[in-house]
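What follows is one structure encoded as structure tokens, with my remarks underneath.
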Amino acid sequence: MRLTFLGTGHAFFGAGRAQSAIVVEDSAGAWLLECGVTTSYLLKRHAIDAGSIQMAVVTHLHGDHFGGLSFMLLSAREDDQRTTALHVVGPPALNTRTRELLRALYAETDPDEWPFALEYHALAPGQSIALLGRRIEAFAADHMRDGTALCVRVESEGKVIAFTGDTGRLAPLSELADKADLLICECTLAEASQAPEAKHLTVADIMRLRPSWNARRVLLTHLSAQSRRAAQTLKGVEVADDGLQLEL
Ligand SMILES: [Zn+2]
3 MRLTFLGTGH
13 AFFGAGRAQS
23 AIVVEDSAGA
33 WLLECGVTTS
43 YLLKRHAIDA
53 GSIQMAVVTH
63 LHGDHFGGLS
73 FMLLSAREDD
83 QRTTALHVVG
93 PPALNTRTRE
103 LLRALYAETD
113 PDEWPFALEY
123 HALAPGQSIA
133 LLGRRIEAFA
143 ADHMRDGTAL
153 CVRVESEGKV
163 IAFTGDTGRL
173 APLSELADKA
183 DLLICECTLA
193 EASQAPEAKH
203 LTVADIMRLR
213 PSWNARRVLL
223 THLSAQSRRA
233 AQTLKGVEVA
243 DDGLQLEL
């Protein structure tokens, strides 16, 4: 399968990179991991047909992770004449929050009328679902006070992609990474003092935790300008950049 990293910046476009979104193309089709606000634009830039995306997996309800669903849905309806089903997997409130977002952006829009099947699948920590030949398993991320933020493991074609979403160091990261073919790991902060209240991983966290992760490959994403600079010296990890493609 092929992964294309559309956006590898943090919420505020760290170092001029786009918000989170990764396209995975496998033999069953294509799906998205996260849907930052820049997603629809970047799909077009990469000449990836948005209509080919069967499923979007969203880890939590922060705008740089689910905000792009609004434009993805509207362009599917208004511009692309999409007719094929779109499955959206994420925290239980994702459906409500996406409807609210659509109404906030375009007050006159109908957030319930879609000319294609739009299926929401609620996922909470400890749960897993099988969908379109893939299996998605959710763990509790250490990120939001309401406990709904997820880390996910997605299995497809016998390969496992583990993804931290946004998280602090208290998530079960070793379990998440266990024998994964690829661990995609957030690295928002160069050091904790950069944002003392934020629940994110720092470069020092990753340096300390890396030996306990037995994933075959670790790729850092969701980087600020400071963490992107600081992460260059880390051993045993790679730093993702916008447009990176890799085969699993
Ligand atoms: Zn977040």
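The numbering used here puts the first residue of the sequence shown at 3, with every later residue one more than the last. Quick reminder that beta carbons are idealized off the backbone N, C-alpha and C, glycines included.
Alpha carbon of Ile186 to alpha carbon of Trp215, nearest angstrom = 12 Å
ask   = With a Cβ-Cβ cutoff of 9 Å, do Cys37 and Leu71 count as a contact?
value = yes
inquiry  = Please identify the residue among Phe73, Leu75, Gly170 whose C-alpha is closest to the C-alpha of Ala194.
reply    = Gly170
task = To the nearest angstrom, report how far apart Thr150 and Pro174 are at their CA atoms.
result = 15 Å
inquiry  = On the CB-based measure, 16 or more other CB atoms within 10 Å of its CB, does Thr61 come out buried or exposed?
reply    = buried
ask   = Cβ of Val26 within 9 Å of Cβ of Val156?
value = yes
ask   = How should Thr98 be labelled, buried or exposed, when 16 other C-beta atoms within 10 angstroms of its C-beta is the threshold for buried?
value = exposed
task = Since I believe Asp28 is in contact with Ala52 (beta carbons under 8 Å), could you give me their beta-carbon distance rounded to a whole number of angstroms?
result = The Cβ separation is near 17 Å, so there is no contact.
query = Can the beta-carbon of Leu250 be found less than 9 Å from the beta-carbon of Ala217?
reply = no
Residue interval of the beta strand (DSSP E) (run including Glu177) = Where Glu177 is concerned, there is no enclosing beta strand (DSSP E), although the alpha helix (DSSP H) it sits in stretches over 175-179.
ask   = Does DSSP put Asp244 in a helix, a strand or coil?
value = coil
query = So, are the CB atoms of Thr6 and Gly245 less than 9 Å apart?
reply = yes
ask   = Would the C-beta of Asp144 count as close to ligand 1, meaning under 8 Å from any of its heavy atoms?
value = no
query = To the nearest angstrom, how far is it from the Cα of Ala126 to the Cα of Ala95?
reply = 10 Å
task = Report buried or exposed for Gly128, applying the criterion of at least 16 other Cβ atoms within 10 angstroms of its Cβ.
result = exposed
key: Any non-hydrogen atom of ligand 1 closer than 8 Å to Ala13 Cβ   = yes
ask   = Taking 8 Å as the line, does the beta carbon of His123 fall inside it for any heavy atom of ligand 1?
value = no
message = Taking its Cβ as the centre, do 16 or more other Cβ atoms sit within 10 Å of Arg4, making it buried, or is it exposed?
response = exposed
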